[in-house]
Every structure is written in C-alpha cells, then in structure tokens.
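So the structure is just underneath, and the comments pick up after that.
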Amino acid sequence: MSLPVDWGTLWLGGFCPVGALGGLPVRGADYAAHPPLDDLLTPPSDTMLHTNVSLKAAEEKWSERLDGAMVVLARDTYRARRLLHQAAGIQPGEWVGIPANASHDLAESIKHHEALPRFLDFDAQLRLSTSRTRFTWTQVLRGLWQPQHAAWLDCADTLPTIPLPGAAERPAVTLYGLHLPDVDDRPGALLVFSDEALYAEVKALRQPADCPHAAQAIAQCERLPELAERQNANLAEARRGLREAAGLATFAPNSLALATAVAVQIPLECDAATFYAYVEQENTPVRWLPQIQPLHYAALRTDGAPDHRVSAANLARWLYVPVGPDYTFEEIKHLVLGIVKAAEYLGVRWRSNPAHAAEYAALMDQTYGAGHDAYRPLFALDGAFAAGDLPCG
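Quick note: the sequence shown uses this note's numbering, first residue 46, plus one each step.
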C-alpha cells in the first residue's frame, strides 16, 4: 500500500445482490489469504534460539523492549493470575470483579484461589460498570479496545504493542500471553507492572517451577517490534477503510495490547444476526464477538450480572474482522468490501455520517429512479452521530 487509498469513493453506485441472497460473493470460499495475527502469535517452529540464557536475561530483555517497565515472566497465564491473587492478599470468600463475558480461565483462577467472581455488566462500548470489589479484572478481547481506568488488565490472548505508554498511563498490572511453543506445558505469560510493591511481591512469590522457557521468551521478544509495526499499519488501514467506506463505528487503537482484528459496531437500526449473516455470506473473514467469548454461564444466574441481557445485546452488536501483518491491500480491500456491501443493502452504510448518507441516497434515486433496490438508509439523515472512532471502551 504505497499510495493513499480514497476509501470513501472506492465503491459507489450500488452492488449486485450479496451472497446471502444468491448473488456473487466478494470472493470464493476457497480464496487463499495470508494468515491473520491470531495464527501467528506463536513464533515459527524454525526460530533460532539463544543458548545458555537465564530467566533474568529474558526479563531484562523484555523490560528493555518495553521502555524499562517492571516485568515478571511466568510459565502460563493461569499461574501468573494465581501469583497475582496471592501477592495482592485476596482472601477466601472475597469477591473479585470480572466482565460478564470473562474467559473460563480467568473465572477459574479466581475460584481456585477460593475467592468469588463478581460478574459485571458492560455498556454498548463494552465498558465495565462500576465495581465495589477491592480488585477488578478488566479483560479486553484480543486487544480490540483500550479500557479506561483499569487497575488489573487481562490481555492474555495477545501480545503487548510497542511502544507502551508511560507507567502513569498504564494499569497497576497488565497480563499478556507469551504464546510460546507449548512443548513442555509452558506457553508463557508476561506481567507488566506500574505498581512497584505488587511487582516486588509477585517476584518474591514466584518459584522455579513457575518460570517459562527463557530462550523462547527472548525469541518472542526479539520478533515483536517488526510484528507490531506491520500489524499496526494494517490495522490502521483496515480501520480507515471500514470507517470511510462503510461509515460504521470502530474502536480507537489500543496503545497497551497488539490487536488481532478491528471491531466493527452494527448500528441499532439493523438486526445484528441479519447483518452478520450478510457479511459472512460474502466469504468475508469475520466472526461475531459472542462466538469468540460469550457471556459466562454463571453471569446468567440470579446472582450473576444484574443486567446480563443488556450486556449480551451490547456484545452482539460487535463484529470481529481479523487482520494479519502480511495482509496485502487486496486482502484488506476484501474484508472492508464485505462489510460495505452488507451495510449498503441493509440501509446502514455511512451511519456515522448522515450528511454523506443523504448525498449517496440522492445519487441512487437520481441514477436508478423510484422504486430501486439500491441504497435506502434506515436511519434519520438529520440525526447527530459522532463520526470516526468511538472513544476508548
């Protein structure tokens, strides 16, 4: 992508029927694309490893990579969470706040500490409701958004991005997965601290059996800069395309974790399941967020998340559009086009820009005449709606 792309004028004039209606999809089901970042988090099997390296050297390398941050490496994310719970002095029977759609692993790590998970609802931007617990885990799915005011942040399903913001702008602790080759049940975890006392306590509690493979941890650290640079560039272009060509809301970039995809919000005027079906039938590489991490079963109980139905509806408004560091412009264009086609047929294209939507609707009327099957917006064209990225979730 050496030249800037004018996404806003790339596809104008209507489309043939989408794949869901029996038309020609954006691309065939057998289309071979470069892998998304989800498939590349683990270093390649032929990665060269340093010999005779210590855990101390690995932690120093990671600290240097993250601009001097205090780091602790652990054998896996489960053990990292358990060490943190122990270091913080969480008591048996104490409530610990977690999202209503927290991962099974996060909930189990709390229960295995004999504490109790308190499931929290979240709003349309997936921001957690206020918690009255002493400790609360904020969990961001695959780095899709950046939370505000998080004290403990769980990004175990991805890697850190670089450069990280300064300690004053980071949570007290952030957990990342290292995603190392799992040859000896040590996929690795990385804890990054801005709380010095908590850092010292976790480090003191860690035992030799809690440590990852040092050479593999260094190898992951060494590949991160190039991986993050290419991924962030493609994320930015995909986000720009979705914003300018489809006119739908996306999250602002996450400065704490390396996102594996761009999240796109389905407007309220459109049925979420129908929109997802239309996009999927274009053979667009997209997933529905509830498919990836639905509400935890315990959050649905009477003592679970109080407004879990609202939280579930909020989650269902988000699509997960995978992006990879090696994606070509054609691959990015395909993922954007599938969303654009669905948004146009379902009348929500340029929902974030009603003035532009009105101009495009008038063009369709002028081009095809009354009663056409082209773009017909389903939202108020004089309604105010903030354009561009949503604020951090």
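Positions of the beta carbon are idealized from the N, C-alpha and C atoms, including for glycine.
Around the Cβ of residue i, are there at least 16 other Cβ atoms within 10 angstroms (buried) or fewer (exposed)?
i: Gly58; result: exposed
i: Pro436; result: Its pLDDT being 41, under 50, Pro436 is placed unreliably in this model, and the value from its coordinates should be taken loosely. So Pro436 ends up on the exposed side.
i: Asn97; result: exposed
i: Lys156; result: exposed
i: Asp240; result: buried
i: Ala304; result: buried
i: Leu235; result: buried
i: Arg177; result: exposed
i: Arg421; result: exposed
i: Ser99; result: exposed
i: Arg354; result: exposed
i: Leu171; result: buried
i: Ala429; result: Residue placement at Ala429 cannot be trusted, given a pLDDT of 47 that sits under 50; what the coordinates show is reported in the next sentence. Looking at its Cβ environment, which holds fewer than 16 other Cβ atoms inside 10 Å, Ala429 is exposed.
i: Gly438; result: Because the pLDDT at Gly438 is just 37, under 50, the model does not fix this residue reliably, and the value given afterwards should be weighed accordingly. Under this definition Gly438 is a buried residue.
i: Asp51; result: exposed
i: Thr122; result: buried
i: Ser148; result: buried
i: Val247; result: buried
i: Glu159; result: exposed
i: Glu440; result: The structure shown does not extend to residue 440, since the chain spans only 46 to 438, so no value can be given for it.
i: Ala431; result: Per-residue confidence for Ala431 stands at a pLDDT of 42, beneath the threshold of 50, marking its modelled position as unreliable; the derived number appears in the next sentence. With fewer than 16 Cβ atoms within 10 Å of its Cβ, Ala431 is classed as exposed.
i: Asp229; result: exposed
i: Asp255; result: buried
i: Ala137; result: Here residue 137 is Pro; the residue named in the question, Ala, does not match the sequence. Per the 10 Å Cβ criterion, exposed.
i: Leu186; result: buried
i: Tyr342; result: exposed
i: Ala213; result: exposed
i: Asp418; result: exposed
i: Thr412; result: exposed
i: Asp94; result: It is worth fixing the name first, because residue 94 is Leu in this sequence and not Asp. Exposed.
So, under 8 Å CB-CB, residue i and residue j are touching, yes? Tell me the CB distance rounded to an integer number of Å.
i: Val314; j: Val393; result: The residue asked about is misnamed: residue 314 is Glu in this sequence, not Val. Right, the Cβ-Cβ distance comes to about 6 Å (below 8 Å), so this counts as a contact.
i: Leu280; j: Leu287; result: Not really, about 11 Å apart at Cβ, beyond 8 Å.
i: Leu151; j: Gln193; result: About 20 Å separates the two Cβ atoms, so there is no contact after all.
i: Ala302; j: Thr181; result: Not really, about 18 Å apart at Cβ, beyond 8 Å.
i: Val440; j: Ala283; result: What the structure shows of the chain is the stretch from 46 to 438, and residue 440 is not part of that stretch, so it cannot be assessed.
i: Ala290; j: Val385; result: 5 Å
i: Arg396; j: Pro270; result: Not a contact, Cβ separation roughly 37 Å.
i: Arg126; j: Leu220; result: 7 Å
i: Leu111; j: Val237; result: 6 Å
i: Glu139; j: Arg179; result: 7 Å
i: Ser356; j: Leu334; result: The pair is not a contact, with the Cβ atoms about 12 Å apart (cut-off 8 Å).
i: Thr92; j: Ala201; result: That pair is no contact at about 21 Å.
i: Phe167; j: Asn299; result: That belief does not hold up - the Cβ atoms of Phe167 and Asn299 are roughly 16 Å apart, past 8 Å.
i: Phe296; j: Leu189; result: 6 Å
i: Pro216; j: Leu198; result: 4 Å
Which partner residues does residue i have in the DSSP bridge list?
i: Trp333; result: Leu364
i: Gly222; result: Ala234
i: Pro144; result: Leu165
i: Pro205; result: Ala302
i: Leu173; result: Phe167
Tell me where the alpha helix (DSSP H) around residue i begins and ends.
i: Met409; result: 399-413
i: Ala308; result: Segment 306-310 is the beta strand (DSSP E) holding Ala308; no alpha helix (DSSP H) there.
i: Ala119; result: Per DSSP, Ala119 belongs to no alpha helix (DSSP H); it is in the beta strand (DSSP E), 115-119.
i: Phe180; result: Where Phe180 is concerned, there is no enclosing alpha helix (DSSP H), although the beta strand (DSSP E) it sits in stretches over 180-184.
i: Cys266; result: 259-286
i: Thr319; result: 317-326
i: Ile135; result: Ile135 -> no alpha helix (DSSP H), and no H or E assigned at all.
i: Glu105; result: 100-110
i: Phe374; result: 374-390
i: Tyr244; result: 241-250
i: His157; result: 149-157
Which stretch, first to last residue, makes up the beta strand (DSSP E) that contains residue i?
i: Cys200; result: 197-200
Looking at the ligand FAD, does it come within less than 7 Å of residue i, judged from the CB to the closest heavy atom?
i: Ala294; result: The ligand FAD is not among the ligands present in this structure, which contains no ligands whatsoever.
Using 8 Å as the cut-off, can you tell me whether the region 323-341 makes contact with the region 377-385, which would need three or more C-beta pairs spanning the two stretches below that distance? yes
Could you check whether the region 404-418 touches the region 343-359, counting it as contact only if at least three pairs of C-beta atoms, one from each stretch, sit closer than 8 Å? no
Any contact between the region 113-129 and the region 245-263? By contact I mean 3 or more CB pairs, one from each, below 8 Å. yes
Below 8 Å, how does it come out for the region 360-376 and the region 80-92: are there three or more Cβ pairs, yes or no? yes
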